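Below you'll find the structure, written out as structure tokens, and then a few comments.
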Amino acid sequence: MRFAVTIFPGSNCDIDCIHAVEDVLNASVTPVWHQESDLSRYDAIILPGGFSYGDYLRTGVLASFSPVMEGVKKAAREGKLVIGICNGFQILTEVGLLPGALRRNSRLKFRCNFQTLRVENARTPFTCDYEQGELISIPIAHGEGNYYCDDATLAELKRNNQIVFTYAGENPNGSVSDIAGIINREGNVLGMMPHPERAILDWMGSKDGARVFTSMLQYWKENCGAA
Amino acid sequence: MFKATIYVTLKESVLDPQGVAVRGSLQTLGYEGVKDVRIGKKIEVILEGSSREEAEAQVKEFSEKVLSNPVTETFTYELEEVVSCASQ
Amino acid sequence: MFKATIYVTLKESVLDPQGVAVRGSLQTLGYEGVKDVRIGKKIEVILEGSSREEAEAQVKEFSEKVLSNPVTETFTYELEEVVSCASQ
Amino acid sequence: MQLEQTVKSLPHEPSPEKIRDQKLYKEMGLTDAEYEQIIRHLDGRLPNWTEVGIYSVMWSEHCSYKNSKTLLRRFPTQGPRVLQGPGEGAGVIDIGDNQAVVFKIESHNHPSAVEPFQGAATGVGGIIRDVFSMGARPVALLNSLRFGDLKNPRVRYLFEHVVAGIAHYGNCIGIPTVGGEVVFDSSYEGNPLVNAMCVGILSHDDLQKGIAKGVGNPVIYVGASTGRDGIHGATFASEELNEQSEEKRPAVQVGDPFMEKLLLEACMEMVKKGLLLGIQDMGAAGLTCSSAEMTAKGGQGMDLNLDLVPQRETGMTPYEIMLSESQERMLLVVEKGRENEIKEICDKWGLPSAVIGHVTEGNRYRIFFKGELVADIPVQTLVDDAPCYVREEKVPAYYKENQEVRPEEQVAQIDPEEALNRVISSVNIGSKRWVYEQYDHMVRTSTAVRPGSDAAVVVIRGTDKALAMSTDGNGRYVYLDPEQGGRIAVAESARNVVCAGAEPLGITDCLNFGNPEKPEIYWQLSKAIDGMADACRALDTPVVGGNVSLYNETKGRAIYPTPIVGMVGLIQNREHITTQGFKNEGDVILLLGETYAELGGSELQHVVTGNVSGRPPLLDLEKERALHQTVLQAIRDGRVHSAHDLADGGLAVALAECCISGQKGAKVQVETTLQPVVHLFSESQSRVLLSVSAEQAEPVMALARANGVPCARIGEVTGDLQLNIEVNGETAIHRSVEELTKLWEEAIPCAMNPSSDSTN
Ligand SMILES: Nc1ncnc2c1ncn2[C@@H]1O[C@H](COP(=O)(O)OP(=O)(O)O)[C@@H](O)[C@H]1O
Ligand SMILES: [Mg+2]
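Read top to bottom, the protein sequences are chains A, B, C and D.
Residue 197 in the UniProt record's numbering sits at position 197 of the first sequence; the count goes up by one each step and never skips.
Residue 76 in the UniProt record's numbering sits at position 76 of the second sequence; the count goes up by one each step and never skips.
Residue 85 in the UniProt record's numbering sits at position 85 of the third sequence; the count goes up by one each step and never skips.
Residue 245 in the UniProt record's numbering sits at position 245 of the fourth sequence; the count goes up by one each step and never skips.
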């Protein structure tokens, strides 16, 4: 399975995502500069966290116009796996691959800590290695993770089981329905604020994030992988 | 040369935590008459354009596509012609 | 009831990294006519006050003390009387 | 004699004669004698406005260390592992495998006092540039902060915005902020301290220097364009704060961490490609300081053409361009012919870049503007020949008076449990989560020990190694006795990294003091340096870099003299990483070191009397060294489950912290001839708490005996979440860990939200 990690000016979790793919899956992973638009060689695309374009104007907005996003949109249409983590999630909403928007944390402060999440949908390509309803511990680190959508969209997310992760216990940012991560209707584009790549080895304090990556590999093997 | 001023504000239905925080601190500081605060952006763009129509079309387009997010925000703009402009 | 609109902008000599980044993006998106972008705030405050004078004095005061940072920003404001106001 | 162009004065600027007659140089912080000196350096020619500006910033305390240089020579700066001592952007210490650690601390006190958010943010940006200009990849940030009393709303504003500014910069650029310290004391009321430290990792072959050499080689400007921001920041940082400081506010710059991220990545690419001959950050005194220092170091001359400098404002004068402290800029010297390779990298990252001059033969530092020569200075007079002052020292009256004070009598009436409640809920001892939760401390996925333990630990990918790091400095101790306080600052930071399982490698220091022209202040500075230097020698931790921040005064009142020590230690094997929290029920608690009646400058004294007085704890460097050897050996032998040094708040607080961090209880019995409260809250130095499994207790005690370190078995870890301390057979403290945790965690949030708390 071949992974791509997109790099925008200001991305800073790109290297962490690359390491996570290497450490957890020992799979091939390629950094892709924001000016490339051909992603046809890859089976899965990771939009990493960070502060693309300094988070200026609105988080994710300036990156959403990069050439590489054309490639991401195409990959998404073709049913390839796309995951946006933190800033990557923000970019996916700005570009319209996921509904809603991420707004400033309700307490107006950046927040970094381990957070308990509930796996609300363990039947996605990104969560099939988790148990339905399982509680996991993964760090967050964001100032704008407050997920917002209107009531109609929320109802639809619920109806289609598109809410994948919620904050169990304290909601750190004021997001509607405690949403921490959502998936598109087709089920191949995931956005999440917590950082699974920061919880993959024992010394990191939790290994619960590793299964986001193993899930993707497993799904790919079962559905697309010839090898 | 034109100067466009774009005001991007949150939709009525969207809570503005920053506005709420500012209202709170104004009230604690003794400005008890303050009932509501909403915070938006004021974006000034200097642009060249051969005509007012062309400039206006551009401003409308990039305000909608880039400067505001339709999920949470709305915008208005003003456009004026400016004679000379010092900025490079 | 009054509605004050306060515009807070960066002083001329103060770097506006946000504006610079937005200008760059607009230019790459094909809006090559864009020469300069500066980003400020628009703050709407609904306040009660017995008179226009009193309201204006308050607005001036808290704009200076709270809403803007005199080190880097300047502000202007507009004040209008509003008849009724839906906000709580 | 070669054809000489004459130096021009620009029409709208004060003429050289006017500068002399009206003593305009004084406004820039130069004295009459210094001005006379400049004229001698220029062979009798009167300097023009630009030249006076250049001299004034180069000779400011911030750039020239004129008041501290002679004292700083007392520091040991050499060691077998030191690859680069003081004098470059940052110090460099070998850590084996062709790798080195690069680190430096710097103050941004004055800018943060007038504009806390941007002041703190740009402080972080500056220190990061210092580290990557050495060719190192920055891997961690720390910060050391001092504020006044949080009851004052202005102090709350400063604290809130300083923390937000640090968070803004570090989070955005993607370097984890892994540690630091915050202390509140009214002595910092009008003059907060904001010291930022950056740690990087380097391959030996990538080591860079700030040097300009090779006649004809181009000088290249990279990064943000120049504006009028921060003109005279270096001079500003070298003055006392007063009402006029508010008017100097344009001196505050706005940081752009996004730009710096691009600059960082571009420079890393240039380093990896081996393109650079010299590189230096444009920090304090901007283009002037970087280009002059590089030129002086290279022993050559330089011509700069200011018309080529990227500018974001129109109509800037040479004076303004030379003195601007716009952020996120680097100055490079490369081999002639490689300009395009640099430009390609800059273009890829979307960074402005321009060739603005070249290295010349001789020693002239020449500035051209619109075809005119506007400055022509023998470059070594800016750097090597800067003035240097040895000031008068005088023992302050308070120091003599303090001889008589008996702090243990001041606290004798307090019940130990009451004392613990008050100390644990003081903002100085209480949890700093409110602060570090705003910092991304995990980005780069290498943070093995997050904030909340003695030292932070960052692993080095691809090796078994890790780095432990800590910043420490106790201004109260230094105030009460600068020499002891200086020793303690070094010893405590070393102890912190030792407790994490690391061997201390070296330090960087930031000397935050008052006005050195006052003899009592100069005495504090001189004695503190003596103490620090002693400790560095005894603990084998050379000083590889640092920063001096003087004139930290408001309305004539100085802050507590506050040297901050940034220590880095090497953990050979990740397995040795140790944290402070108790781990297992049934583990034995060992106390290493001795306890005396030492409460001068202690947190308990401060909480009880609202002040500090007396003498601080004494530090015996031999004992300290033996303690470190013992703890480190025990950890490396795999015998230790937790280690925590005893610092502010003494034994009682250390035990409480071990319980809180590990969410365990402890049952402790101590025997002492001191009063219980004195014993439990004394801040005697050279003490560490270990918890070990029952089988390991005896071997560790034997190791301690062999090293001559007193070691007592004082109790055990329990699962019941109660902290129970008996002194001489009687219960002195019995508190639930849950309650203690709450008091400790709420301290800062409560203080920041005073409306919810009406007591005191
Ligand atoms: N300004 C800060 N930034 C980041 N972490 C901090 C800051 N202040 C304190 N911390 C963290 O909180 C913990 C406790 O700090 P402190 O009580 O000063 O420790 P110690 O006394 O052992 O030096 C440490 O892990 C420290 O790194
Ligand atoms: Mg400690």
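Where is the CB? At the ideal position from N, CA and C, for every residue including glycine.
Computed from a predicted structure; not experimentally measured.
- Message: Nearest by alpha-carbon distance to K109 (chain A): which of A:L157, A:A141, A:V164, A:K221 is it?
- Response: A:A141
- Task: Mark Y157 (chain D) as exposed unless 16 or more other C-beta atoms lie within 10 angstroms of its C-beta, in which case mark it buried.
- Result: exposed
- Residue range of the unbroken alpha helix (DSSP H) whose run includes F62 (chain D): Rather than Phe, the amino acid found at residue 62 (chain D) in this sequence is His. 61 to 64 is the extent of the alpha helix (DSSP H) around H62 (chain D).
- Nearest-angstrom Cα separation, counted from D472 (chain D) out to M268 (chain D): 30 Å
- Item | Where R103 (chain A) falls, given that 16 or more other Cβ within 10 Å makes a residue buried | buried
- Item | Beta-carbon spacing of Q18 (chain C), Y56 (chain A) below 7 Å | yes
- Item | Test: A4 (chain A) CB closer than 7 Å to a CB of chain B | no
- Hey, how far is the Cα of E246 (chain D) from the Cα of F147 (chain D)? Its pLDDT being 46, under 50, E246 (chain D) is placed unreliably by the model, and the measurement read from it follows with that caveat. Rounded to whole angstroms, E246 (chain D) to F147 (chain D) spans 19 Å at the Cα level.
- Verify whether the separation of the beta carbon atoms of N67 (chain D) and P16 (chain D) is less than 7 Å. no
- Query: Can you name the residues of chain C whose CB is closer than 9 Å to the CB of V254 (chain D)?
  - Reply: L10, V14, L15, D16, P17, T72
- Cβ separation of E64 (chain C) and P70 (chain C), assumed to be a contact under 8 Å, to the nearest whole Å: 7 Å
- Query: In whole angstroms, what is the alpha-carbon distance linking C85 (chain C) and I179 (chain A)?
  - Reply: Legend: pLDDT at C85 (chain C) = 48, less than 50; position of this residue unreliable, value from coordinates given subsequently. Distance between the alpha carbons of C85 (chain C) and I179 (chain A) is about 33 Å.
- Task: Thinking V497 (chain D) and M469 (chain D) are a contact (beta carbons under 8 Å), I'd like their distance in whole angstroms, please.
- Result: 7 Å
- What does G30 (chain C) reach in chain D if we use C-beta pairs closer than 9 Å? Result: empty, since nearest Cβ-Cβ is about 17 Å, beyond 9 Å.
- Count the other C-beta atoms from every protein chain shown that fall within 10 angstroms of the C-beta of E53 (chain C), then say buried if there are 16 or more, exposed otherwise. exposed
- Message: Distance check for L10 (chain C) and R249 (chain D), CA to CA, integer angstroms please.
- Response: Confidence at R249 (chain D) is low in this model, with a pLDDT of 43, below 50, so its placement is unreliable and no value can be given for it.
- With 7 Å as the threshold, decide whether the Cβ of F62 (chain B) is near any Cβ in chain C. yes
- Message: By the DSSP assignment, the alpha helix (DSSP H) with M752 (chain D) in it spans what residues?
- Response: 737 to 752
- Okay, do the segment 75 to 85 of chain A and the segment 185 to 205 of chain A touch, 3+ Cβ pairs below 8 Å being the bar? yes
- Item | Limits of the unbroken alpha helix (DSSP H) element including Y35 (chain D) | 32 to 41
- Query: What distance in whole Å lies between the Cβ atoms of Y25 (chain D) and V52 (chain D), which are believed to be in contact at a cut-off of 8 Å?
  - Reply: 5 Å
- Task: For Y148 (chain A), go through chain E and note every residue whose CB falls closer than 9 Å to its CB, in chain order.
- Result: No chain E appears in the structure shown, which is made up of the protein chains A, B, C and D.
- Item | Segments assigned beta strand (DSSP E), at least 3 residues, entirely inside the segment 59 to 130 of chain A | 81 to 85, 101 to 103, 111 to 119
- Message: Please classify Q132 (chain A) as buried or exposed, where buried requires at least 16 neighbouring CB atoms within 10 angstroms.
- Response: exposed
- Bridge-paired residues (DSSP) for P139 (chain A): A:F114
- State yes or no: is the beta carbon of A4 (chain B) nearer than 7 Å to at least one beta carbon in chain A? no
- Between V34 (chain C) and chain A, is there a C-beta pair that is closer than 7 Å? no
- Item | Inter-stretch contact at 8 Å, needing at least 3 Cβ pairs: the segment 289 to 300 of chain D / the segment 6 to 23 of chain D | no
- Does Q88 (chain B) come within less than 7 Å of chain A when only Cβ atoms are used? Below a pLDDT of 50, predicted positions are generally treated as unreliable, and Q88 (chain B), at 40, falls in that range; no measurement from the model is reported.
- Cut-off 6 Å between Cβ atoms - residues of its own chain near D16 (chain A), not counting five sequence neighbours on either side: E197
- Query: Within 10 angstroms of its Cβ, does N340 (chain D) collect 16 or more other Cβ (buried), or is it exposed?
  - Reply: exposed
- Item | Helix, strand or coil at Q27 (chain B) [DSSP, three-state] | helix
- Closer than 7 Å, Cβ to any Cβ of chain C: which residues of the segment 222 to 233 of chain D, in chain order? G227, R228, D229
- Query: I571 (chain D) by DSSP, collapsed to three states: which one?
  - Reply: strand
- Message: Using CA atoms only, rank isn't needed, just tell me which of D:I424, D:Q629, D:A712 is closest to L743 (chain D).
- Response: D:I424
- Message: For the pair the segment 622 to 629 of chain D and the segment 652 to 672 of chain D, tell me if three or more CB-CB distances fall below 8 Å.
- Response: no
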